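Count along the sequence shown starting at 1, add 1267, and that's the number in my numbering.
Read through the structure below, which is laid out as C-alpha cells, and then see the notes.
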Amino acid sequence: MLALSTLNFYAIAAAAASSIVIGFVWYGPLFGTAWMKEMGVAPDFKPDPAMLKRALLLMFAGAVLTAIVLACAIIVAGSRAPAAQQGLTAALGAWAGFHVPMLLGGVAWENRSWAWFRINAGYHLAALLAAAMIVAHWR
C-alpha cells in the first residue's frame, strides 16, 4: 500500500505550479485569442475578479490532484527505468487514456471544433509532461 509519506509534497506543489504557469502562457500569449474565438468569448471579455479567484483556486486544486496521481502512478510502477522515461510514460498514459477521450467527447457531444480540441489537448499534454517530469525527477 502506498503511504502518503512516500510522496514529495514539494515536488507536487512545484508540479501543480508548473501547470498553472503553462496554462497562463498557453491560454494567454500562445493560443489565448484562438481559444477565445473557439469558445465564443468576446475578445474584450474581462472576468469578474471573484470568478477569476474561484477559477484559479479550482485550477490549482485540480493541478495538485493531478500531480498526486502522477506521483502515485510513478511510485507504484516501481520501474528501474530512468526518471525521464518514467515521467514520459506516466504523462503520455494519462493524456492518451484520460484527457484525449474526454476532449473527444467535447467534439462529439458539445459540437466543439477540432481547433478547440488541438488547443486543449496540447495544453493538457504540455502540463502533464511538465508535472510528471517534476515528480519523477524530484522523488
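Think of the CB as a built atom: it goes at the ideal place given N, C-alpha and C, for glycine as much as any other residue.
For clarity, every value in this text was computed on a predicted model and none was experimentally measured.
What is the rounded straight-line gap between the Cα of residue i and the Cα of residue j?
{"i": "residue 1399", "j": "residue 1297", "result": "22 Å"}
{"i": "residue 1313", "j": "residue 1319", "result": "9 Å"}
{"i": "residue 1373", "j": "residue 1309", "result": "21 Å"}
{"i": "residue 1276", "j": "residue 1382", "result": "35 Å"}
{"i": "residue 1291", "j": "residue 1299", "result": "9 Å"}
{"i": "residue 1329", "j": "residue 1336", "result": "11 Å"}
{"i": "residue 1280", "j": "residue 1334", "result": "8 Å"}
{"i": "residue 1306", "j": "residue 1406", "result": "38 Å"}
{"i": "residue 1377", "j": "residue 1348", "result": "40 Å"}
{"i": "residue 1386", "j": "residue 1365", "result": "16 Å"}
{"i": "residue 1331", "j": "residue 1323", "result": "12 Å"}
{"i": "residue 1401", "j": "residue 1354", "result": "8 Å"}
{"i": "residue 1273", "j": "residue 1311", "result": "46 Å"}
{"i": "residue 1327", "j": "residue 1371", "result": "24 Å"}
{"i": "residue 1304", "j": "residue 1368", "result": "23 Å"}
Thinking just about the alpha-carbon of each residue, which of the options is nearest to the one in residue i?
{"i": "residue 1351", "options": "1300, 1367, 1397, 1288", "result": "1397"}
{"i": "residue 1390", "options": "1363, 1365, 1281, 1289", "result": "1289"}
{"i": "residue 1395", "options": "1406, 1377, 1363", "result": "1363"}
{"i": "residue 1359", "options": "1376, 1393, 1331", "result": "1393"}
{"i": "residue 1258", "options": "1339, 1368, 1316, 1384", "result": "Residue coverage of the chain in this structure runs from 1268 to 1406, which leaves residue 1258 outside it and unanswerable."}
{"i": "residue 1361", "options": "1380, 1384, 1388, 1278", "result": "1388"}
Helix, strand or coil for residue i per DSSP?
{"i": "residue 1321", "result": "helix"}
{"i": "residue 1380", "result": "coil"}
{"i": "residue 1274", "result": "coil"}
{"i": "residue 1292", "result": "helix"}
{"i": "residue 1343", "result": "helix"}
{"i": "residue 1308", "result": "coil"}
Looking at chain D, is there any beta carbon in it that lies within less than 8 Å of the beta carbon of residue i?
{"i": "residue 1395", "result": "Judged by its chain identifiers, the structure shown contains no chain D, having just a single protein chain."}
- request: Decide yes or no for the touch test of the segment 1341-1349 against the segment 1280-1298: beta carbon pairs closer than 8 Å, at least 3 of them.
  value: They do not touch, by the three-pair rule.
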